[in-house]
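A.B. asks:
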């Protein structure tokens, strides 16, 4: 595929959105789309501006981790938003759902969501063995000084044609659409679908419509025994439910119910 597959000209020809992606900042290689998005905000970027790159040299995930990829293999995207305070906790839901729904529509695959922000796909191994591996991750960064939101940046990384075997650090835990399907997937088609799905979900949030029911339906975490790590704190129990803001309700082994806003979940 040409190196400029995700160029602004290509995207503008294919996109049908009215807000998300109308302003496009494209880079063949940058350190991080999130960092460029922050600079764009300082320079007055409009809502819906997207930053995309074919490669990141310092991409990051949640909790300060590095997001690893190879050139021209993934969707590496940041979306600039100026939401209301009550919409902020639901942006992770909107982004996860947008990824899941766009993958379904473009490929026919059926991804699931691992609380709070990972998108998984079932991968068949040798014989009849199956395992769930990570195909996408979401990162939200925002500036909330007191009781209002200055900005929010929705970071989305989706492994489209990545070969996980080329990155030893993630070869056992990550997958890509190409690896599962056994064929190349158009990043342009995938990105246009993703932006369209996200615009619809963000518009629903702005109208005050709930999206948590559909998000909850896609969660593979609920009803399972989990270990949740947040910094040095570790909690164990059953993932009983999530509330309308996406917080996890964990039934601990002593019977108490705790609300967890963020953390790493292992089954």
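In UniProt numbering, the protein residues as written are 1 to 267.
Idealized CB from N, CA, C, for every residue including glycine.
#1: Around the Cβ of residue 213, are there at least 16 other Cβ atoms within 10 angstroms (buried) or fewer (exposed)?
#2: From residue 96 to residue 117, what does the alpha carbon distance come to, in whole angstroms?
#3: Please determine if the stretch 40-48 and the stretch 69-86 are in contact, where contact requires at least 3 C-beta pairs separated by less than 8 Å.
#4: Taking the C-alpha atoms as reference points, what is the distance between residue 187 and residue 254?
#5: Ordered along the chain, which non-local residues of its own chain (more than five positions away) have a Cβ less than 8 Å from that of residue 185?
#6: Return the chain-ordered list of same chain residues with a C-beta closer than 7 Å to the C-beta of residue 262, the five sequence neighbours on each side being excluded.
#7: Contact defined as beta carbons within less than 8 Å: I believe residue 151 pairs with residue 82. What is the distance between those atoms, to the nearest angstrom?
#8: What span of residues does the alpha helix (DSSP H) with residue 105 cover, start to end?
#9: Relative to the C-alpha of residue 8, which candidate in 20, 26, 19 and 17 has its C-alpha closest?
#10: Flag this pair as yes or no: are the beta carbons of residue 89 and residue 100 separated by less than 9 Å?
#11: For residue 241, which of 12, 250, 154 and 169 has the nearest alpha-carbon?
#12: Give me, in chain order, the residues of the same chain whose beta-carbon lies closer than 6 Å to that of residue 131; leave out the 5 immediate sequence neighbours on both sides.
#13: From the DSSP output, in three-state form, read off residue 268 for me.
C.D. replies: Put simply:
#1: Taking the chain shown and counting its residues from 1, one reaches residue 213 at position 213. The residue in question, residue 213, is exposed, as its Cβ has fewer than 16 Cβ neighbours within 10 Å.
#2: Numbered from 1 along the chain shown, position 96 holds the residue referred to as residue 96. Numbered from 1 along the chain shown, position 117 holds the residue referred to as residue 117. Straight across, the Cα-Cα distance linking residue 96 with residue 117 is about 6 Å.
#3: Touching, yes.
#4: By 1-based counting over the chain shown, the position of residue 187 is 187. By 1-based counting over the chain shown, the position of residue 254 is 254. Each residue's alpha carbon lies about 47 Å from the other.
#5: Position 185 of the chain shown, counted from the first residue, corresponds to residue 185. Answer for residue 185: 106, 107, 160, 161, 177 and 178, listed in chain order.
#6: On the chain shown, residue 262 is found 262 positions in, with the first residue counted as 1. Excluding positions up to five away in sequence, the list reads 116 and 230.
#7: The residue labelled residue 151 in the question sits at position 151 within the chain shown. The residue labelled residue 82 in the question sits at position 82 within the chain shown. Contact between residue 151 and residue 82 is confirmed by a C-beta separation of about 6 Å, below the 8 Å threshold.
#8: Taking the first residue of the chain shown as 1, we reach residue 105 at position 105. It spans 91-107 - the alpha helix (DSSP H) in which residue 105 sits, taken as one unbroken run.
#9: Numbered from its first residue, the chain shown carries residue 8 at position 8. Out of 20, 26, 19 and 17, 26 has the C-alpha closest to the C-alpha of residue 8.
#10: In the chain shown, counting from the first residue as 1, residue 89 sits at position 89. In the chain shown, counting from the first residue as 1, residue 100 sits at position 100. No; because the gap between Cβ atoms is not below 9 Å, this pair is not in contact.
#11: Locating residue 241 in the chain shown gives position 241, where the first residue counts as 1. Answer by Cα proximity: 250.
#12: Within the chain shown, residue 131 is the residue found at index 131, counting from 1. Closer than 6 Å at Cβ, skipping near neighbours: 123.
#13: Absent from the structure is residue 268, since the part of the chain shown begins at 1 and ends at 267.
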